[in-house]
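Here UniProt numbering is used: position 56 in the sequence shown is 56, and no number is missing along the way. Glycine residues also receive a C-beta, built at the ideal position from the N, C-alpha and C atoms. Below is one structure, written out as structure tokens, with a few remarks after it.
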Amino acid sequence: METHGIDIADVLLKELMILDHEPFADKDQLFQFMSEQFEKSGVVSDKEAFRESLLYRESLGPTYMGDFIAIPHGQCKEVLKPGVGFIRCQEGFIYESHGEEGPVKYIFVLAVDEAGGDNQHLRILATLAGYLMRDDFRELIANVQSYEELLVGIQKIEAEE
């Protein structure tokens, strides 16, 4: 399942896929929750440092993508291995990002280690962006019921390319 030089199955982690979560009060609550999940799963060694890296990235530019989608990402030395978490909320919540805001229901959270540098970070973002431009992928994330179903759906999408 390699697109844009990244095999999404290597970084999209089953333990960080959370479906039909209650909507968050705001972006800060989302970042706190996901930082804890990334630490529990062994992707980061320090949830607070990772949360701070998410907030720092937010200060650089928007991660709200429209269409109920956000892709917050953090890069810090406390990231032990690259990872992507996916959370689908039951309903949208208002996500403010660098002066832009809108309802968000589908969130991909990226963790990239400093050693991987911007190249790894950009390849993961390019892979996700490519998927998110496709109607069939957006339909998949809206309806998927398991990690395995998501990976099979991605394989089908790639087979069509």
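For residue i, the nearest candidate out of the options (CA to CA)
i    : options                   : result
K156 : A115, S146, F137 and A142 : F137
E100 : V84, Y64 and A70          : Y64
D38  : S53, A25, E15 and D20     : First, the residue type needs correcting, since residue 38 is Phe and not Asp in the sequence shown. F38 has its Cα closest to that of E15, out of S53, A25, E15 and D20.
S46  : A111, E91 and L30         : Reading off the sequence shown, one finds Asp at residue 46, where the question assumed Ser. Among A111, E91 and L30, the Cα nearest to that of D46 belongs to A111.
DSSP three-state assignment for residue i, whether helix, strand or coil
i    : result
L110 : strand
V152 : helix
E58  : helix
K27  : helix
M133 : coil
Alpha carbon of residue i to alpha carbon of residue j, nearest angstrom
i   : j    : result
Y56 : P62  : 11 Å
F68 : V11  : 22 Å
E48 : E96  : 20 Å
C89 : Q145 : 13 Å
Beta-carbon proximity list for residue i, same chain, < 6 Å, skipping 5 on both sides
i    : result
F86  : M17 and F108
I141 : Y106
Other residues of its chain near residue i: CB distance less than 8 Å, five sequence neighbours each side excluded
i  : result
H4 : Per-residue confidence for H4 stands at a pLDDT of 46, beneath the threshold of 50, marking its modelled position as unreliable; no derived number is given.
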